[in-house]
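Engineer: Counting in the numbering used here, the sequence shown runs from 5 upward without gaps. Built from N, CA and C at the ideal position, the CB exists for glycine as well.
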Amino acid sequence: MQSVSEAKAVPQGYHSVTPYLIVDGVPRLIQFLKDTFDADVGESVKGPEGRIAHAELTIGDSLIMMADATPKYAPIASQLYVHVENVDMTFKRGLDTGASSVQEPADQFYGDRTAGFKDPTGNYWWIAQRMEEVSAEELERRLKARSLAIAP
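#1: Output needed for Gly29: all residues of its chain with C-beta closer than 8 Å, excluding positions within five of it in sequence on either side, in chain order.
#2: Tell whether a beta-carbon distance below 8 Å holds between Ile56 and Ser48.
#3: Can you give me the Cβ contacts of Ser20 inside the same chain, cut-off strictly under 7 Å, excluding the 5 residues immediately before and after it?
#4: Relative to the alpha-carbon of Phe121, which residue among Met70, Glu108, Gln112 and Gly17 has its alpha-carbon at the smallest distance?
#5: Around the Cβ of Glu137, are there at least 16 other Cβ atoms within 10 angstroms (buried) or fewer (exposed)?
#6: Does DSSP put Lys122 in a helix, a strand or coil?
#7: Between the C-alpha atoms of Ser105 and Arg150, what's the straight-line distance to the nearest angstrom?
#8: Mind checking whether the beta-carbon of Gln83 lies closer than 7 Å to any heavy atom of the ligand ZN?
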C-alpha cells in the first residue's frame, strides 16, 4: 500500500533559494567541497550515461544542488558567498584541495574578513568571516573615507 501526503511548498531542510550548479565533474566538485568546507553529501542519482544527473550536499545550514553538464545543459561558472568560522583556514584548505586564488584573505571596511578562490570545476567561492558588526552610519562613514582615499 502506497502512502501519499500533502507536500509543503518548500520541503523540510530546504530554503526558498537553493543554488544549482552545472559542472564538468560533479564527483570532483563534491570531493573539493567535502575537503574544503566539510560538506555533508546527501542524495546522488546517476543518469543512464553514468553522469551524475542530480546530487545534493550541505555546507553549514545551506543546501547546494548540482549535476554534470550534458549537451543540453552546458557547464556554467557560478559565484557563491559562504560564511565560515575561519577565513584563513578555509582559504588554505581550498588551495590545498586544488582551488586557485582569486583574492587573498583581507579585512573589509564592512566588517567581514574575506577571500576568494576558483574551484577545480570553474566556480568562484567568496568566503567571509564576520569580524565586527558595523552600523549603517559607520558603514556609510567608512565607505566615504574609502572613496576619498582612492579618488584620483
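Structural biologist: In short:
#1: Asp72, Pro124 and Thr125
#2: yes
#3: Val14
#4: Glu108
#5: exposed
#6: strand
#7: 24 Å
#8: The ligand ZN is absent from the structure shown, which contains no ligand whatsoever.
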